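Residue numbers (my numbering), protein chains in the order written: chain A, 72 to 294; chain G, 1221 to 1555; chain H, 617 to 667. Glycine residues also receive a C-beta, built at the ideal position from the N, C-alpha and C atoms. Since we're looking at a predicted model, the values are computed, not measured.
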Amino acid sequence: MSRAQPEEPTGGGWTGTIRNQIAGRLPLEELLPTRQPDYVRSWVYLFGAITIAALIWVMASGVVLAFFGPQWWHRSSIGRFFNSLHFWGVQVFFVFLVLHLWTQFWAAGWRDGRGPTWVIGVVAFLTSIVAAFTGYVSQQNFDAQWIAVNAKDAINATGLGAIFNPLNFGQAYGIHIMLLPVVVVLLVAIHIALVRMKGVVRPIGAPAPGVSGAATDDTEASA
Amino acid sequence: MSTMDKATYYRDIRMVPFDLVKELVLASAGVLIVVVVLAAVLSSPDVPPVTIARWATADPVDFVTTAASELAGSSTSADYGPPYNNNEGSVQTLWFLKPQSWAGVHTAVDPSNQFVVEPLQQAAVGNAALTAALSTFQSASSDQQTSWLDAYSKALADAKVDNGQVTVAVGDYGPVPVLMNNLLGLARSGGLDGLLLASDRFFATDYTRSLLFMGDGGYLEGLAKEQKLTGNQWGMMHETGRYPGQAWLWLYTLGYQIPPFNQGHGFLGINSGNADLAITVMMTLLTLILVLLPFIPGLRDIPRWIPIHRLIWRRYYSDLKDGQRAATAKPHDSV
Amino acid sequence: MDSPAPYFHWGFILFSVPNLVVTGLMLAFFGVALIAPFPTRHGTKSKKQNQ
């Protein structure tokens, strides 16, 4: 695989440095490759893609719900439908996110320098849990009331009540529709970029890269 | 890893055409079909919220009992502690950890005044009997107020509801029954819902007062119990109606169902009294382990010991074995 | 769908049937994805090297 040489390998100032770094680390042919190792042809490799697909529909339905405001879906059948898309999208998202996590655990996907990819992925999972929680307390129904009342004690017990009050709808809603979606999407984007930069990890016990015969039989994260 | 490194990394690996964009588009289309069908057929949960008006109408005695405890300063919220006030009723500590106290008061709540006295003052305009009762109550000594409220709260155990009013046996309650029945009327009319939400800033999105007030009563929790939503019913994972809930919280929820977190006497300073803090600390540690798993010897080796990867890459291993057999077989063939 | 869900109660375990359905589906997806053969296009199909 050959890589196009940047025009100004040493010049270009800060802009040129950043461009060369990006081009060096993640050229387009790596971001959108047309060939993959033969061993990725297993259904378990689809879980990540399905998670991203679910996130796309969660975001899309969320944009519609946010546009029409938090009361809309309780009164309009179209609104209720979009809320249902959002609800089931979240269920599909978490189901496949966890399946992807299981797959990457059993495949020890963190090997050969892929530790940061795993770390970012788990942090994206945790952020999604917080995003879901703020969504549940933003529903403006009995569920939201009870979850807020019930959850406040755990939040207060940890001292987080000083900065986050789940009984304050405005705060939870703002965090849910603005802050956390941006963070989740950013983390997922970094996660995907890392996956594409490093490529899909070799099977456990495969001969060491480029050296026939010598087996790499460890599951360490570093190369 | 640069491109050259990747070429080396995959040198002995068979590469095949793979259309990532097509995969994502097909996955998106598939997920869209699934969520559209689920949304159209099953809809989504939306049990209407409880209002203070509904609470006061459905269970007036519970409402008045809760309101009396708010006025007396003996409710859960009044005694809560940070972030609402400086009391200690709901403050949790674990060993040297006192994060709730360290964080301090950030959402000041004064249930006696904010939930009862101030709404009554606003409702007292043009209501001579209520104005007089409020004045009598506020000018009485604190001991006298406590005595009236204690007696009234005890009498509420045998209270009767008559024509939208809560009546108790005759006793020395001072102006308390007038205050409480006025608050009940205000609540049933929906006025208290508005007054608890009202602020001098006109716009309102903060339901802290209404929700703390309702949370202090038994009505809201009773409805939650019916739907198996309370903490010791694995409620965090459950959802209203016949819908799946936040199943991903199973481990966090499990904590509340097992010793020492659900025991009064507990173990190593962990008990039901500080379960929220102890379980959060435990979950934080477990979460850190999950995040840092690739760097923890032993844990990161589990996938090698339990060879589920043999299934994922079974074709690769089979080809590899065949290739090795072929490589070792050749010299023998030539002999 | 808004009527209370049936629950599976075993000792201290209390799971709603909808949650069990979702969890069961997850396990099923994982098992099937591990075992089911991935469709391979003719020509790119893996061939035993020593045959």
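Here's a check: name, in chain order, each residue in its chain whose Cβ is nearer than 8 angstroms to the Cβ of residue i, leaving out the five neighbours to either side.
i         : result
G/Asp1225 : none
G/Met1434 : Val1270, Ile1272, Trp1275 and Leu1440
G/Gln1364 : Gly1394
G/Arg1408 : Ala1273, Ala1276, Thr1277, Pro1280 and Gly1384
G/Asp1378 : Val1388 and Ala1389
G/Tyr1372 : Ala1288, Val1388, Gly1391, Tyr1393, Val1396, Pro1397 and Met1400
G/Asn1347 : Asn1402
A/Trp177  : none
G/Asn1307 : Ala1298, Asp1299, Tyr1300 and Gly1301
G/Glu1290 : Ser1297, Ala1298, Pro1331, Ser1332, Phe1335, Val1336, Phe1433 and Asp1436
G/Val1511 : none
A/Trp143  : Leu136 and Gly150
To which residues of the same chain is residue i closer than 7 angstroms at the C-beta, ignoring the five residues directly before and after it?
i         : result
H/Pro634  : Ala621
G/Gly1451 : Tyr1476
G/Tyr1472 : Met1456, Ile1499 and Met1503
A/Thr205  : Ala243, Ile246, His247 and Leu251
A/Asp288  : Any answer about A/Asp288 is weak, because its pLDDT of 48 lies below 50 and its placement is not dependable; what the coordinates show is given next. Cβ neighbours of A/Asp288 beyond the five flanking positions: Gly276.
G/Thr1351 : Ala1344
A/Arg96   : Met268
A/Leu126  : Phe164 and Val259
Determine, for residue i, whether the minimum Cβ-Cβ distance to residues of chain H falls below 9 angstroms.
i         : result
A/Val229  : Checking the sequence, you will find Thr at residue 229 of chain A rather than Val. Not one chain H Cβ lies under 9 angstroms of A/Thr229.
G/Tyr1564 : Absent from the structure is residue 1564 of chain G, since the part of chain G shown begins at 1221 and ends at 1555.
A/Arg96   : no
A/Ser199  : no
A/Trp114  : yes
A/Phe153  : no
G/Gln1358 : no
A/Asp224  : no
G/Lys1448 : yes
G/Ala1278 : no
A/Gln306  : Missing from the structure shown is residue 306 of chain A; chain A here goes from 72 to 294 and no further.
G/Met1502 : no
A/Leu117  : yes
A/Gln92   : no
A/Trp173  : yes
A/Gln162  : yes
Which same chain residues, not among the five before or five after residue i, have their C-beta less than 6 angstroms away from its C-beta?
i         : result
H/Lys664  : The predicted model places H/Lys664 with a pLDDT of 41, which falls under 50 and marks its position as unreliable; any figure quoted below should be read in that light. None.
G/Pro1265 : Glu1459, Thr1460, Gly1461 and Tyr1463
G/Ser1362 : none
A/Ile261  : Ile191
A/Pro274  : Tyr110
G/Gly1293 : Ser1332
With a cut-off of 9 angstroms, does the C-beta of residue i fall near any C-beta of chain A?
i         : result
H/Ala649  : yes
G/Pro1331 : no
H/Phe624  : no
G/Phe1316 : no
H/Phe628  : no
G/Ile1490 : no
H/Leu641  : yes
G/Asp1266 : yes
Checking contacts by CB at 9 angstroms: is residue i closer than that to chain G?
i        : result
H/Thr660 : Residue placement at H/Thr660 is flagged as unreliable, the pLDDT there being 45, under the threshold of 50; a coordinate-derived value is accordingly withheld.
A/Ser147 : no
H/Ala621 : yes
A/Gly186 : yes
A/His262 : no
A/Trp159 : yes
H/Phe631 : yes
A/Pro252 : no
H/Lys664 : Model confidence at H/Lys664 stands at a pLDDT of 41, short of 50, so the residue's coordinates are unreliable; what they give is reported in the following sentence. Yes, because at least one Cβ of chain G sits closer than 9 angstroms to the Cβ of H/Lys664.
A/Phe138 : no
H/Pro655 : no
A/Trp85  : no
Could you name the residues that DSSP lists as bridge partners for residue i?
i         : result
A/Arg106  : G/Pro1237
G/Val1381 : G/Val1386
H/Trp626  : H/Ile629
G/Asp1426 : A/Asn239
G/Phe1487 : G/Ile1490
G/Leu1412 : DSSP, once it has assigned bridges, lists no residue as partnering G/Leu1412.
G/Tyr1314 : Rather than Tyr, the amino acid found at residue 1314 of chain G in this sequence is Leu. According to DSSP, which records beta bridges pairwise, G/Leu1314 is partnered with G/Leu1317.
Residues of chain C with CB closer than 8 angstroms to the CB of residue i, please, in chain order.
i        : result
A/Ile121 : The structure shown contains no chain C; its protein chains are A, G and H.
TODO: Please go through the segment 1322-1387 of chain G and give each complete alpha helix (DSSP H) segment of 4 or more residues, from N-terminal end onward.
DONE: Complete alpha helix (DSSP H) runs here, min 4: 1338-1343, 1348-1359 and 1362-1375.
- [ ] Check whether the segment 213-230 of chain A touches the segment 113-130 of chain A, counting contact only when three or more Cβ pairs, one atom from each stretch, lie closer than 8 angstroms.
- [x] Counting Cβ pairs under 8 angstroms, fewer than three are found: no touch.
Task: Contained alpha helix (DSSP H) runs [length at least 4] in the segment 75-160 of chain A, N- to C-terminal order - done: Within the segment 75-160 of chain A, the complete alpha helix (DSSP H) segments of 4 residues or longer fall at 84-96, 99-102, 117-139 and 143-146, listed in chain order.
TODO: Count the CB pairs spanning the segment 1231-1240 of chain G and the segment 150-170 of chain A that are closer than 8 angstroms, and state whether there are at least three.
DONE: Result no; under three Cβ-Cβ pairs closer than 8 angstroms.
Task: Cβ contact check for the segment 232-242 of chain A and the segment 151-171 of chain A: 3 or more pairs under 8 angstroms - done: Cβ pair count under 8 angstroms is below three, so no.
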